[in-house]
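Residues in the sequence shown are numbered consecutively from 5, following our numbering.
Using N, Cα and C, we set each Cβ at its ideal position, and we do this for glycine too.
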Amino acid sequence: MTKNKKTDFDVCTSARSTILINNESVSLSPVMSEKYLGQTVKVNVKQGDVIDVYKIVSNLTSENHEKQVLIERSKQVIDQASAKGFEQLLKEHSDAWAVKWQESDIVIAGDVAAQQAIRFNIFQLNQTYTGKDARLNIGPKGFTGEKYGGSTYWDTEAYCIPFYLSTAPQEVAKNLLVYRYKHLQKAIENASKLGFKDGAALYPMVTMNGEECHNEWEITFEEIHRNGAIAFAIFNYVRYTGDESYLSEYGLEVLIGIARFWKQRVNWSTEKNKYVMLGVTGPNEYENNVNNNWYTNTLAAWCLKYTVEVAEIVKEKYPEQYQNVILNANLNAELEFADWTKIVTNMYYPYDENTGVFLQQDGFMDKEQILVKDLAAEERPLNQKWSWDRILRSGFIKQADVLQGMYFFEDDYELETLRKNFDFYESRTVHESSLSPCVHSILAAKLNDEQRAYEFYLRTARLDLDDYNNDTEDGLHITSMAGTWMSIVEGFAGMRVRNNQLKFSPFLPKQWDSFSFTIGFRGVQLKIKITIRQIIITNNSGQTLEVLIFNELYSIPKGEKVISYNGTVV
5 MTKNKKTDFD VCTSARSTIL INNESVSLSP VMSEKYLGQT VKVNVKQGDV IDVYKIVSNL
65 TSENHEKQVL IERSKQVIDQ ASAKGFEQLL KEHSDAWAVK WQESDIVIAG DVAAQQAIRF
125 NIFQLNQTYT GKDARLNIGP KGFTGEKYGG STYWDTEAYC IPFYLSTAPQ EVAKNLLVYR
185 YKHLQKAIEN ASKLGFKDGA ALYPMVTMNG EECHNEWEIT FEEIHRNGAI AFAIFNYVRY
245 TGDESYLSEY GLEVLIGIAR FWKQRVNWST EKNKYVMLGV TGPNEYENNV NNNWYTNTLA
305 AWCLKYTVEV AEIVKEKYPE QYQNVILNAN LNAELEFADW TKIVTNMYYP YDENTGVFLQ
365 QDGFMDKEQI LVKDLAAEER PLNQKWSWDR ILRSGFIKQA DVLQGMYFFE DDYELETLRK
425 NFDFYESRTV HESSLSPCVH SILAAKLNDE QRAYEFYLRT ARLDLDDYNN DTEDGLHITS
485 MAGTWMSIVE GFAGMRVRNN QLKFSPFLPK QWDSFSFTIG FRGVQLKIKI TIRQIIITNN
545 SGQTLEVLIF NELYSIPKGE KVISYNGTVV
């Protein structure tokens, strides 16, 4: 029995070892020391002898069992597993993984290294989170390393939700969101410690149990965009699944707490005649304590608008639950909705007239505008070669910031606007976060920039297998692995949900002969195969639903190859 120091629960580990020589059991001797328990065995063998070693282990915790029965229950689990025997245990294990691969596999023809990489990433994602327990979430390193201590970050909502939405039963992604609902009161407490009132909720940057575990002020107090990522994940879940009942049961209360936070976090600027947000840190952590981070302002206004929209949906479709939410949240709907709408209408967004781009924050153009291509190789990575104050004064960007917002809300911007911002910010981005390349890959694909889409994909696909950042010893980049999946499915395949339908706008990387993947969508499992000449969509029974033959040999203008899963050509 051991006790977890950080979260104070007990863990009971039991093991049973069996060693056979030519099918005859061999006795083992126990070894006890201050730091470990073990067993030893000495055997005499000769040429031709066969040694079989079996070890069955169980791990149970007081999170799921009463402490006083842990040892006895652990013995029972060992007995049950031993009774099944190795071959049966192996079969059950293989069968379970076969189902997971059927749901989530991506097959790439013509590029062995790419195939190995994406399957390695998918394996790690499925091994990290099963979705059976809404008390659990995803650590950035999964179970592969101790860095970050297994804590939950905003990475889950921004990067992992899309993978589990598409490749697992609906309850899996739902449980990730229920996890946040269960921590709503802790989020309200977190906000109250910073002076926010009346049910305003600030979800933690880093957490185990809903309480903030981060201790760097510029992150803990200022990287508040994590609130918006949670709200967007709710939107993403409902958009994908159509499960509006989630909003009445859980989602609306969370959104109200988040909206109240944003309402109190902005202030009115007489000079600008707009609402502004001061002293924040955006996704680009190479900028701290800035005013009016475009992404954060955009996300805050969207959250306020979306909360009002969700309230109207719940009020209309689930009137009884709506009244319960109003009561539980002590919501003055008429007054608070009016306040939120006023902020949405009058939010300030930094913009540069000369370049035609949204400014990452106020004063960004005051920085020396040096491009990454002009940065000497020996100067990189900046976080290892430069002092922190030099990084903060530079115009170099750690990861997608403005572009993170344009990825979330792509439908709000014309392609030319997206292109201007993409070209401007990507040329200043050093991609020193594992989360950066996938967003750039997806946006490049949307812009029909297939070469850059593939180049950014390569930065994530083999990040850990080839240890590109020389940091794999700290653990794998689980959330980046989800981004690799997104790069293929949302990037190369161009999958989107539009008007309650899946739609695809794909291209085939020149390095591949074809690629295919399986998607679960609203009770239907679809297999999508993209070749140099066509898109083939089949259902789980192998029935072909759609074949679209391209008009040219390779590249088609994006608008001419968008189709919906039910066969409607758009």
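- Under the three-pair Cβ rule at 8 Å, the stretch 343-358 counts as touching the stretch 290-305.
- DSSP links G89 through a beta bridge to no other residue.
- Cα atoms of G135 and V182: separation of roughly 11 Å, rounded to the nearest angstrom.
- A straight-line Cα-Cα distance of about 22 Å links Q408 and F511.
- Distance check between W298 and each of F428, D366, L140, V35 places D366 closest, using alpha-carbon atoms only.
- Secondary structure within the stretch 16-86: the beta strand (DSSP E) runs of 3 or more consecutive residues, fully enclosed, are 28-30, 33-36, 41-44, 55-65 (chain order).
- Counting every other CB atom within 10 Å of its CB across the protein chains shown gives E357 a total below 16, marking it as exposed.
- Cβ neighbours of V551 within its own chain (closer than 8 Å, five residues either side excluded): Q538, I539, I540, I541.
- Closest by C-alpha distance to L169, out of G527, S252, N543, I536, is G527.
- The beta-bridge partner set that DSSP reports for E372 is empty.
- With contacts defined as CB atoms closer than 7 Å, S438 and H481 qualify as a contacting pair.
- Leaving aside the five residues that flank I492 on each side, the residues in its chain whose CB is nearer than 8 Å to its CB run, in chain order, I110, I122, Y461, F519, F521.
- A Cβ-Cβ contact shorter than 7 Å links R432 with G399.
- According to DSSP, T211 shares a beta bridge with T156.
- Sixteen is the threshold: since fewer than 16 other Cβ atoms of the shown chains lie within 10 Å of the Cβ of E382, the residue is exposed.
- Distance from the CA of D478 to the CA of L335, rounded to the nearest whole angstrom, comes to 45 Å.
- For N387, the enclosing alpha helix (DSSP H) has its first and last residue at 386-389.
- Here S484 is buried, its C-beta having at least 16 other C-beta atoms within 10 Å.
- If you draw a straight line from the Cα of H97 to the Cα of D343, it comes to about 54 Å.
- Residue environment for A380: exposed (fewer than 16 other C-beta atoms within 10 angstroms of its C-beta).
- Straight across, the Cα-Cα distance linking R500 with K186 is about 29 Å.
- Contact between the stretch 207-221 and the stretch 273-288 is not established, with fewer than three Cβ pairs separated by less than 8 Å.
- Nearest in C-alpha terms to K201, of all of I238, A263, N125, is A263.
- The Cβ-Cβ distance between N288 and D115 does not fall below 7 Å.
- Residue environment analysis places I234 among the buried positions, since at least 16 neighbouring C-beta atoms fall within 10 angstroms of its C-beta.
- Of all alpha-carbon atoms in K309, W105, A204, L256, the one lying nearest the alpha-carbon of A172 is that of W105.
- E215 places its beta carbon less than 7 Å from that of K190.
- In the three-state reduction of the DSSP assignment, F508 falls in the strand class.
- It is roughly 21 Å from the alpha-carbon of V434 to the alpha-carbon of L451.
- Burial state of E257 is buried, judged by a 10 Å Cβ sphere holding 16 or more other Cβ atoms.
- Checking the DSSP bridge columns, you'll see W272 partnered with Y279.
- DSSP places G409 in the helix class (H, G or I) of the three-state scheme.
- Three or more pairs of CB atoms, one per stretch, sit closer than 8 Å, so the stretch 8-27 contacts the stretch 55-74.
- Shown here for R77: same chain residues with a beta carbon closer than 7 Å to its own, the five before and five after excluded, namely L64, H69 in chain order.
- Counting along the chain, the unbroken alpha helix (DSSP H) around L419 starts and ends at 419-430.
- Looking at the backbone, the Cα of D470 and that of T488 are separated by about 15 Å.
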